[in-house]
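**Student:** If you count the sequence shown from 1, you need to add 84 to reach my numbering. Think of the CB as a built atom: it goes at the ideal place given N, C-alpha and C, for glycine as much as any other residue. Treat the numbers as computed from the prediction; the structure is a model and nothing was measured. What follows is a structure written as structure tokens; I'll ask about it next.
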Amino acid sequence: MKELKRLEPLQAATQFIFKHYPNCQGALLAGSVVRGEATHTSDLDIVIFDDNFTSSFRESLIEFGWAIEVFAHNLTSYQLFLKNDCKRARPSLPRMISEGIILADKGVVQSIKKEAAQLLEKGPEKWPEETIRLKRYFISDALDDLIGSLDTGESLFIANTLAYITHEFVLRINGHWIGDSKWIVRSLNNYNEGFSKEFVEAFEIFYKTGSKDKVIQLVDKVLKPYGGRLFEGFSLGKERLNQ
Numbered sequence: 085m086k087e088l089k090r091l092e093p094l095q096a097a098t099q100f101i102f103k104h105y106p107n108c109q110g111a112l113l114a115g116s117v118v119r120g121e122a123t124h125t126s127d128l129d130i131v132i133f134d135d136n137f138t139s140s141f142r143e144s145l146i147e148f149g150w151a152i153e154v155f156a157h158n159l160t161s162y163q164l165f166l167k168n169d170c171k172r173a174r175p176s177l178p179r180m181i182s183e184g185i186i187l188a189d190k191g192v193v194q195s196i197k198k199e200a201a202q203l204l205e206k207g208p209e210k211w212p213e214e215t216i217r218l219k220r221y222f223i224s225d226a227l228d229d230l231i232g233s234l235d236t237g238e239s240l241f242i243a244n245t246l247a248y249i250t251h252e253f254v255l256r257i258n259g260h261w262i263g264d265s266k267w268i269v270r271s272l273n274n275y276n277e278g279f280s281k282e283f284v285e286a287f288e289i290f291y292k293t294g295s296k297d298k299v300i301q302l303v304d305k306v307l308k309p310y311g312g313r314l315f316e317g318f319s320l321g322k323e324r325l326n327q
């Protein structure tokens, strides 16, 4: 049987809303297809606002030739998700709403898009000195583990942890949103493409050859302006009794 050609993203998303949520207050098409970054495995991310929903929910299904991810909210529940995303500094929902193409709107979407865009523009909360010091210690500890590791399997996963916490440190220190999975590199590119290239190359060399030199140089370069590696004198949760 000949496979049916799937619809264009916007057409498929519009028909999906018309079929399943014709009375919603608003809907947006977001994700890679909107940013022009779609691949053959990309899905359609659809954000729906409907005051008939008692709570937020997420649903995955296949229709119109597409894998579709539904992010459903009522007209108040989405605000908690915006707040939590900003608190963790990974603004998934604010980004989807801000960049999304409007599929349906009964007078609510523009204000919600404005709200999301303002949060993105503001950026994450600034780290206090105490947090910077704590993160320096964790990065230093992971780097020392990598330098000392003689087990290939262990080294791979130490490097994974080190890459994540180093990217987080660089972006948060500089007031930028962090990422997860593919969004680590995308977030680094949004911050500084030159540094992002250096970051990727350092870990790529390690994963391909096992050489740690470039990773060590990169991490030391990141930590240097903030005092370098931290071990001696670090303390967490220690209390002194009054003499």
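Ignore the nearest five residues each way along the sequence and tell me which others in PHE222's own chain have a CB closer than 7 Å to its CB.
**Tutor:** If we look at PHE222 and ignore the five residues flanking it on each side, its Cβ neighbours are ILE249.
**Student:** Within the same chain, show all residues whose beta-carbon is closer than 6 Å to that of LYS86, passing over the 5 residues directly before and after it, in chain order.
**Tutor:** Because the pLDDT of LYS86 is 42, which lies under 50, any placement of that residue in the model is unreliable, and the question is left without a value.
**Student:** Take the Cβ of ILE146 as the centre, count every other Cβ of all protein chains shown within 10 Å, and call the residue buried at 16 or more, exposed below.
**Tutor:** It counts as exposed.
**Student:** Pull up the DSSP beta-bridge partners for ASP189, would you.
**Tutor:** DSSP lists GLY110 as partners of ASP189.
**Student:** Going by alpha carbons, who is nearest to VAL154 out of ASP169, THR160, ASP134?
**Tutor:** Minimum Cα distance to VAL154 is reached at ASP134.
**Student:** Between which two residues does the beta strand (DSSP E) containing LEU145 stretch?
**Tutor:** From DSSP, the beta strand (DSSP E) with LEU145 extends over 141-147.
**Student:** Where in the region 282-312 do unbroken runs of the alpha helix (DSSP H), each at least 4 residues long, occur, reported from the N-terminal end onward?
**Tutor:** Entirely contained in the region 282-312, the alpha helix (DSSP H) runs reaching 4 residues are, in chain order, 297-307.
**Student:** List in chain order: all unbroken alpha helix (DSSP H) runs of 4+ residues lying wholly within the region 160-188.
**Tutor:** With a minimum length of 4 residues, the continuous alpha helix (DSSP H) runs that stay inside the region 160-188 are 161-171, 176-183.
**Student:** Between the Cα of ARG179 and the Cα atoms of PHE165, LEU204, LYS167, LYS298, which residue gives the shortest distance?
**Tutor:** Closest by alpha carbon: LEU204.
**Student:** Start and end of the beta strand (DSSP E) containing GLU153?
**Tutor:** Per DSSP, GLU153 belongs to the beta strand (DSSP E) from 150-157.
**Student:** Exposed or buried, which one is HIS124 when buried takes at least 16 other CB atoms within 10 Å?
**Tutor:** Exposed is the call here.
**Student:** Expressed to the nearest angstrom, what Euclidean distance is found between the alpha-carbon atoms of GLY263 and ARG174?
**Tutor:** GLY263 and ARG174: Cα-Cα distance of roughly 6 Å.
**Student:** Since ILE101 contacts ALA111 with CB under 8 Å, what's their CB separation in whole angstroms?
**Tutor:** So it is a contact: roughly 5 Å between Cβ atoms.
**Student:** Mind checking whether LYS292 and SER239 have CB atoms under 9 Å apart?
**Tutor:** Cβ atoms of LYS292 and SER239: not closer than 9 Å.
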